[in-house]
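Those protein sequence lines, which keep their order, are chains A and B.
Quick note on the numbering used here: the first sequence kicks off at 56 and runs consecutively.
Quick note on the numbering used here: the second sequence kicks off at 65 and runs consecutively.
Here's the structure, in structure tokens; my notes come after.
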Amino acid sequence: MQSVHEVFKLIFGVLASILILGVILTFVGNYGNAQERSLEAAALRNVIKSAGDVYVSGNGIPFRGVPNVTFLPGDPPTFRTPDAAVPVRFPLFFRGGEDLFLARSRLDMGWWSFSYVTATPRLRVLFSPVVGDWQQVRDIVSAFPDTEFFDPKVTFGVCDGTQLREQLCTGQACEQRGFRDLPLEGLFPAVAPCTALLPADAILITLSSSCPQPRGVCLTPPDAGGIGTLFSADRALGYYYKDPVDVAALAIGGISDVTELTLFDVKNEQFRTELRLAAEVLRTRILLITPSFPAISPCRPDLAAFLGSLQGLEAILGDEAYYEQYPSLQALLSALGDLRAAHESLAAKGCDY
Amino acid sequence: MEYIMMIFLIMVVVVGLIVLLTGYQITRAAADRSDRTQDRALFLLKQVTTHPLFVSEEGVLDDAKLTALATLPDGCARLEDLFGPDWFLEVETLDGPGAACAQTNYPACGRWELCKQDARAVAYDLPVNVYRNAGTILARDVLARRDLAILTVGVYGR
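Printed below as a string of structure tokens:
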């Protein structure tokens, strides 16, 4: 029979072992979780860093192993994992997926270009031009990335009634250039409203004179002023759009789960911030270089016209809600048109680069 | 007694391992933070040499744009809205007048500073060309020249 002392030593030893094991297991568990989250955060930073490299170089790259992230529209837009939040200081159109293709695109306005990066998984962009403006379709296609020679692919097709017509480029799905070069007017003289069942990786873009209950994204043709209305299945209210990049932003980004904002809102805010500063810098630049032209120089009238349009643009972009107001957008498109014309005249005459 | 001593020594070893691993994590986090600062400085350097706000063409800074940015009343804040906070830019031509550029002495100047503070920074230097407007030929065609300069872009903080 064991003595009390022996029993005490036994019990004490067991309790001490449990304590030591408990401490070790708790630490190992926490350390393991911390490492996993740290790897996720590092992966997120790598994605954003790669997107930044694409933004400055213009060379598209695929990216594999993207963590599950939440995109928070805001100022600045932020990407979050449970343990990291990375702000993004350049225009980035992001759609979640494990494998992404990062590419840079540009909205060229002549005197300025607005660059943005798209980060897209495998996407099938399907058009349903009930109102058959194929040139507008081609313009929207140009706002999406060109994934030729890369994966994952962004391909383009047509939804005609119950049929999905995608194998249009020598029996294969069309990428950007292939789809733009197709004789779409001849292939699809009339397109019925899309009622087909859409795959999970598809985005439907409908062009119609009215969008009562849109599937995906629906837009009305632009009016004489170049402004149309854009609707999303996720939101009751529509938006005004003024360029194909607006359509691409809404189609790629959708609506945030956390806020009411969309990538469309983020794009227009970034567009405003950049363009407003550009207008002010270029206006000051014109004031600095004008004295170097003699009074009789044929460049002076064009410089004055360019200056006046820049001042007008600054005033329009002073309003944060410019993209929600039809008169502001009308004035904006008019000013951008005047600036393009003035810049082309200056360049043609050799007055400026 | 010996059992208590043994348990005490085991706990010392276990706690020591925990402290070691935690210290390693802290050191790694500090190194990661430093790497991120360097990455950001390099990214800003690439942005400055390619963004149309600063350049006449890729790799060639525009002296009138730099002067405009340097003399805007809230230029630094506006740049921070676009490119983020806590960074600076400095351009200095290697030849010619070394005065800081203002709207009053343009183009007879050769130095531009944006968002400069007196603080520790991680910075990168790069030789660049600067497009200088040097007058006109026949009252129309712009006579441009390119000066060699050193571009410094940095991020504040370690």
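Glycine included, each C-beta is placed from N, C-alpha and C at the ideal position.
Query	Result
Members of the stretch 140-159 of chain A that neighbour chain B once the beta carbon cut-off is set at 9 angstroms	Pro142, Arg144, Phe145
Within 8 angstroms, strictly: CB atoms of A/Pro200 and A/Val192	no
First through last residue of the alpha helix (DSSP H) which encompasses B/Ile71	66-112
DSSP-derived helix/strand/coil call for A/Trp166	coil
Closest Cα partner of B/Arg100 within the set A/Leu76, A/Val141, A/Lys64, A/Thr125	A/Val141
Sequence-distant residues of its chain with Cβ nearer than 8 angstroms to B/Arg210 (five each side left out)	Val124, Asn193, Val194, Tyr195, Arg196
C-beta neighbour in chain A for B/Asp211, strict 8 angstroms	no
Classification of A/Leu415 by the beta-carbon crowding that lies within 10 angstroms, buried from 16 upward	Because chain A here runs from 56 to 408, residue 415 of chain A falls outside it and cannot be looked at.
C-alpha gap between A/Arg395 and A/Tyr408, whole angstroms	13 angstroms
B/Trp176 beta carbon less than 8 angstroms from that of B/Gly218	no
Within the stretch 70-153 of chain A, ranges of the beta strand (DSSP E) (whole runs, at least 3 residues)	116-119, 125-127, 133-136, 139-142, 147-149
For B/Thr157, the first and last residue of its enclosing beta strand (DSSP E)	151-157
A/Arg144 and B/Leu133 closer than 8 angstroms at C-beta	no
Whole-Å CB distance - A/Gly212 paired with A/Ala228, under 8 angstroms assumed	7 angstroms
Spatially closest choice to B/Ala128 from B/Ala198, B/Glu144, B/Glu122, B/Thr91, by CA coordinates	B/Ala198
Collapsed DSSP secondary structure at A/Tyr378 in the structure displayed	helix
CB contact below 8 angstroms: A/Ser347 versus chain B	yes
Bridge partners - B/Asp126, DSSP secondary structure assignment	B/Tyr195
Contacting residues, own chain, Cβ-Cβ under 8 angstroms from B/Arg142 (five flanking each side not counted)	Leu136
Check: A/Val172 C-beta below 7 angstroms from any heavy atom of the ligand ATP	No copy of the ligand ATP appears in this structure; indeed no ligand is present at all.
For B/Leu207, the three-state DSSP class (helix, strand or coil)	strand
Min CB distance A/Phe205 to chain B below 8 angstroms	no
A/Ser30, DSSP secondary structure in three states	Residue 30 of chain A lies beyond the range of chain A shown here (56 to 408); nothing can be said about it.
Any C-beta of chain B under 8 angstroms from that of A/Gly68	yes
Where B/Glu121 sits in the DSSP three-state scheme	strand
Residue-level contact to chain A via CB, B/Tyr170, 8 angstroms cutoff	yes
CB contact check: A/Ala333 to chain B, cutoff 8 angstroms	yes
A/Phe211 - partner residues in DSSP beta bridges	A/Val180, A/Cys229
Terminal residues of the alpha helix (DSSP H) in which A/Cys224 lies	Unbroken run through A/Cys224: none, as it is neither H nor E.
Proximity below 8 angstroms, CB of A/Ala158 to CB of A/Val109	yes
Straight-line gap, A/Pro353 to B/Leu207 (C-alpha atoms, nearest Å)	15 angstroms
A/Val69 to A/Leu76 span [Cα, whole Å]	10 angstroms
B/Thr216 vs B/Glu154 beta-carbon contact at 8 angstroms	yes
In chain order, each beta strand (DSSP E) run of at least 3 residues that lies wholly inside the stretch 267-319 of chain A	272-274, 283-287, 290-296
Own chain, CB closer than 6 angstroms to A/Leu358, minus 5 neighbours either side, in chain order	Ile341, Thr345
Rounded C-alpha distance that separates B/Leu158 from B/Ala164	13 angstroms
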